[in-house]
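Be aware that the sequence shown starts at 1, since it is given in full-length UniProt numbering, and climbs by one per residue.
Glycine included, each C-beta is placed from N, C-alpha and C at the ideal position.
Quantities reported herein were computed from a predicted structural model and do not represent experimental measurements.
Below is one structure, written out as structure tokens; the observations come after it.
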Amino acid sequence: LKLEIRASTFSCTSPLPMYGLHECPVKRRNASVQNPEANQYFTPHSQDPADHVCFDSGSLAPDWASVSHGIYLSIEAAGVHRSLGVRVSFVQSTSMDAWKPVHQRMMELGGNRRFEEFLLQQGIPRETPIREKFLTRAAKWYREALRARAEGTECPEPLPFGTGHLPAAWCDLYPESDKRTSVLRKRISGITPDDSPEGPGVGRPLERSNSWRQFSRCWSACRAIKDVCTEVLP
Numbered sequence: 001l002k003l004e005i006r007a008s009t010f011s012c013t014s015p016l017p018m019y020g021l022h023e024c025p026v027k028r029r030n031a032s033v034q035n036p037e038a039n040q041y042f043t044p045h046s047q048d049p050a051d052h053v054c055f056d057s058g059s060l061a062p063d064w065a066s067v068s069h070g071i072y073l074s075i076e077a078a079g080v081h082r083s084l085g086v087r088v089s090f091v092q093s094t095s096m097d098a099w100k101p102v103h104q105r106m107m108e109l110g111g112n113r114r115f116e117e118f119l120l121q122q123g124i125p126r127e128t129p130i131r132e133k134f135l136t137r138a139a140k141w142y143r144e145a146l147r148a149r150a151e152g153t154e155c156p157e158p159l160p161f162g163t164g165h166l167p168a169a170w171c172d173l174y175p176e177s178d179k180r181t182s183v184l185r186k187r188i189s190g191i192t193p194d195d196s197p198e199g200p201g202v203g204r205p206l207e208r209s210n211s212w213r214q215f216s217r218c219w220s221a222c223r224a225i226k227d228v229c230t231e232v233l234p
């Protein structure tokens, strides 16, 4: 790990700071670049002052990027984006990682200013928490449209008016979870009152259970899961 004094530790009250007596943070950011190819690309393509600060926190000299949204991030914000999963925000270092041409194109088409203006149009203010902001329908549409433009494919249909600020469907954000959900539905749908310890079907489960207490606890847990899933998964 390299040791360095990071400019991103200093906060910035404005998303578009003026660099009077101070050196442009892009130059400082590139001073310790480890990947020459990334340096060669990002030096001419990150001249917009809006890209010289972290999109989420406003801290100077962001060394990371959310490729999915074409924005620049501080290392702290990058950690939060990573926790959202690559389907929501694919994070790369602007100085250490190797970049695919399509990802470079997404950064070129994107930018902090463009994404912020889009979110404001969708009724999502800048101060919205990171997790809430990037799990909205607007953020999902934007990353799909950005990817489509970078690849030269058809963009998704425009969002219905006034719906961008709403949360995106969970199964759309994480399709792999939808299969698990369907399996869970099938398992809990078979639980009936007859399966209770006091019900008429108690004989059959008891034959497979080592003890009455174990079966009773299992049944109670299953009933609780079914109640919760009925509310969350109608």
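| query | result |
| --- | --- |
| 8 Å Cβ cutoff met for ILE124 and HIS69 | no |
| Sheet register partners of LEU73 (DSSP bridge) | TRP64 |
| Proximity to ASP48 [Cα-Cα], best of PRO158, PHE161, ILE75 and ARG113 | ARG113 |
| N-terminal and C-terminal residue of the alpha helix (DSSP H) that GLN104 is part of | 101–109 |
| Cα-Cα separation, MET106 to ALA150 | 6 Å |
| Exposed unless 16 or more other CB atoms sit within 10 angstroms - verdict on ILE5 | In this prediction, ILE5 scores a pLDDT of 36, lower than 50, which makes its location untrustworthy; no coordinate-derived value is stated. |
| Straight-line gap, PHE134 to GLU154 (C-alpha atoms, nearest Å) | 22 Å |
| Neighbour-count burial assignment, LEU120, 16 or more Cβ in a 10 Å radius | exposed |
| Among GLU76, SER74, VAL88 and SER95, the one whose alpha carbon lies nearest that of GLU144 | VAL88 |
| Counted within 10 angstroms of its Cβ, other Cβ atoms place ARG131 as buried (16 or more) or exposed | exposed |
| Sub-8 Å separation of LEU73 and SER83 beta-carbons | no |
| Residue interval of the beta strand (DSSP E) (run including GLN122) | Where GLN122 is concerned, there is no enclosing beta strand (DSSP E), given that its DSSP letter is neither H nor E. |
| Collapsed DSSP secondary structure at SER93 in the structure displayed | strand |
| Integer Cβ distance of TRP64 from ALA78, believed to fall under 8 Å | 4 Å |
| Beta-bridge partners of PRO136, as assigned by DSSP | With the sequence shown as reference, residue 136 is identified as Thr, and Pro is not the correct amino acid for it. THR136 pairs with PRO167. |
| Integer Cβ distance of ARG147 from ALA168, believed to fall under 8 Å | Not quite, the Cβ-Cβ distance comes to about 15 Å (not below 8 Å), so this is no contact. |
| Cβ pair GLU117, ARG126 closer than 8 Å | no |
| CB-CB length for GLY110 against ALA50, believed under 8 Å | GLY110 to ALA50, Cβ: 11 Å. No contact. |
| Environment of PRO158 [buried if 16+ CB atoms lie within 10 Å] | exposed |
| Those residues which DSSP pairs with VAL53 across a bridge | LEU60 |
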